[in-house]
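So for the sequence shown, our numbering puts the first residue at 6; every next one is plus one. Ideal placement from N, C-alpha and C gives every residue a C-beta, glycine not left out. I have placed the structure first, in the form of structure tokens, so that the comments after it can refer back to it.
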Amino acid sequence: MTDAKDNTTVTCLSHKMRYKEVACGKQRMRWLELQFVDENNNPVSGLNVQLEYHPLATAAELALWARGGPAQFDPTPPPDPPAGVTDGQGLVRFDDLYWINVDVKTDGQQLADEMEQRPLGLSRNPNGQNPASWPETRVVKWRSNVQISAEQRGYDHHYVTIGELCDRMPDIPEWTDKEPPRFHFPHGTVLKGTEIARETLGKRHVIEICPFRAWSLVLHDTKDYSLANGYNLGVMADMAYADQVLIEDFFKRKCLDLSTTPRHEEKPFYPHALVVDVPFRERYITAEFLDSRSQSDKAPARLLLDSTQLFYVENADHIIVAWRGTQEVPDWITDGWYSPQPCPAELAKAGRIHGGFLEAYQLAKERFGDKFKEIKRITDGGKKLFIAGHSLGGALGLIYAAEMKGFSPILYTYGMPRTFTADAVGNLYQITHYRHVNDSDTITSVPFDANLDNWLYGKFGPLGATLGFFWTLTVELPAQMAGAYIGEHYWHHGSPVVFFRATQTRTWLECKAINNYSCRRLKSSDMYKVKLFLVPSLSEAKNTEAKEAQEAFIREFPAEDIRKIFPR
């Protein structure tokens, strides 16, 4: 304002400057509309919402600013606006607001309970909403469908997690950490609310709330082969080689971070896991890493075989047990101890088992007996048991599945050797097992499909293992090739899933009018081989339907035509 006599400029926005006392008059009040929606643009109704004036200045300055100048100076700051409740459109309106930034907050427990039940949007990229998370090279800002819809209508848009709206910490079932989950509560226990700038008062703001969810691996409880199971349990079998820090980080941090799907990043090129979002209370709550080398009471006589590592994780739906494969010298010793031993009754009621694998499994069971009992207790409570392992880990996973066969476990193995003899395999029908095999992998061919239980193994003690091995090579294998199939033989368990390379060939007919018109068929092989992935039947019902459809199709044609069109 300017005084007409001496041209002196004064302001009613600060009491710290020199000025003449001039009444500024009553301040114009503002209004604000807030609309709360989820990532699918569905309204969040019945939500208790309150505003708080943001403390941009001291209490005295706030009061001076709000009431129009020193003539009406009052050190008491203006009262916060009244609370409101969102309607069926997720909308709430506030009138008579001072021209001050406001913080938006909602009932923390009510918000958490509601947003746990809201699924994530089908098309989403939360990092695109946060400029601080963009790479320096990023040019185009990603916008959600909710943001596009809001901006087309002239509204302001905000993307927030529940921690940016809660007025108090909600009760999170089975959460024991001091700090709340970082993604959902980016400021930890400091609940600031979401700030609305005073310049944007007098319009509607659409607040898009990220659901209070977590990631869970997609695993199917089916006896048919599942590509999702094959992929995710393969990731778990690989993760079994990692250390405790990486495993816990995957399940306790990455599976709670909705900004991207979780990935086992020990190798930079490793793909993301196949996941689905679930309510936060159904997250992975247990991630136990078990390493027999960490035990201090190792028996010296069994030290060479004591290198077993596994982990198990649990959420509301399932439990996964993943076994590590051959990695260290003790593992190679375990692999090479082919001597077949009588199968313990808790595994199978007949047949024999690879001696080295049995010893390694029993050592793990001794070391972690309490944990094994806990897994059994969890499985007995109704959660589905999935088991995975690669190489030696596959063999140990099959032995473990044999002990847990009463729970009908689902086992996916990768490049595993033979473990049980034929009689034992026949007793393990309760296990759903898919055994992934690479055609260039020799591990899947050992131990030999021959009688390793010959008299030399038991006759000369430790030396008998070596003598028996060479006896098998020189006598048992040639005898088997000649048709003599006698004694206990190692068999594979489960349905094979085969990876192999095939050479693709092209054939064509070349005809030339030389002497008499004659033709010849030529063939050429492509330079590159094709990778093939052969799996068992994905659905028996689909197979039956396809067979019936094919038979119905054939019946529509005369037999003579069929023979001409489809020669044998």
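In the DSSP annotation of this structure, the continuous segment of the beta strand (DSSP E) that includes S221 starts and ends at 218-222. Counted as a single uninterrupted DSSP element, the stretch harbouring Q435 is not any alpha helix (DSSP H), since DSSP gives it neither H nor E. In this structure, G239 sits near Y417, with a CB-CB distance shorter than 9 Å. With the rule of 3 Cβ pairs closer than 8 Å, the stretch 201-211 counts as touching the stretch 93-112. One Cα belongs to E57, the other to D229, and the distance between them is close to 57 Å.
By the beta-carbon neighbour count (other beta carbons within 10 angstroms, threshold 16), A369 is buried. From the listed residues H225, F99, R286, the smallest Cα separation to W180 is found for R286. Taking C-beta atoms as the reference points, G420 and S396 count as a pair closer than 9 Å. Taking the Cβ atoms as the reference, L116 lies roughly 7 Å from L52, within the contact range of under 8 Å.
Assignment of E270 by DSSP, reduced to helix, strand and coil, places it in the coil class.
Apart from the 5 residues on each side of it in sequence, F99 sits with its Cβ closer than 7 Å to the Cβ of W36, L37, L56, P86, G89 in its chain, given in chain order. The continuous alpha helix (DSSP H) containing V151 extends over residues 150-157. For A327, the enclosing beta strand (DSSP E) covers residues 323-328. Cβ atoms of F316 and I252 come within 8 Å of each other, at about 5 Å. Take L537, set aside five residues on each side of it, and the residues of its chain with a beta-carbon closer than 7 Å to its own are F505, A507, in chain order.
According to the DSSP assignment, T418 belongs to the beta strand (DSSP E) that extends over 415-419. Taking 9 Å as the cut-off, the Cβ atoms of D296 and Q249 count as close. Excluding the 5 residues flanking it on each side, G330 has same chain C-beta neighbours closer than 6 Å at H395, S396, L397, G398, in chain order. Counting only the Cα atoms, K569 lies some 17 Å from Q555. Annotation for N234: the continuous alpha helix (DSSP H) segment containing it runs 232-244.
Around K410, the same chain offers L433, Q435, I436 as residues with beta carbons nearer than 8 Å, after the five sequence neighbours per side are excluded. The Cβ atoms of Q94 and Q40 lie closer than 9 Å to each other. Proximity to A233 across R382, I415, P191, W104 peaks at I415, based on C-alpha coordinates. For the 9 Å CB-CB criterion, V326 and L390 form a contact. For R506, the pairing in a beta bridge is given by DSSP as K536. Each residue's CA atom was taken as its position, placing S231 and T91 some 44 Å apart. Under a 10 Å Cβ-count criterion, N320 is classified as buried, with 16 or more other Cβ atoms of the shown protein chains found around its own Cβ. Closest by C-alpha distance to L403, out of E561, E200, I383, A365, is A365.
H269 and L206 have their alpha carbons spaced roughly 45 Å apart.
The alpha-carbon of S445 is positioned some 41 Å away from that of A557. Annotated three-state conformation of A551 is helix, per DSSP.
DSSP places V49 outside any beta strand (DSSP E), giving it a letter other than H or E.
For R35, the enclosing beta strand (DSSP E) stretches over residues 35-42. Straight-line measurement puts the Cα of D566 at about 59 Å from the Cα of R123. Annotation: the continuous alpha helix (DSSP H) that includes T384 extends over 374-385. C524 sits in a strand when the DSSP states are folded into three classes.
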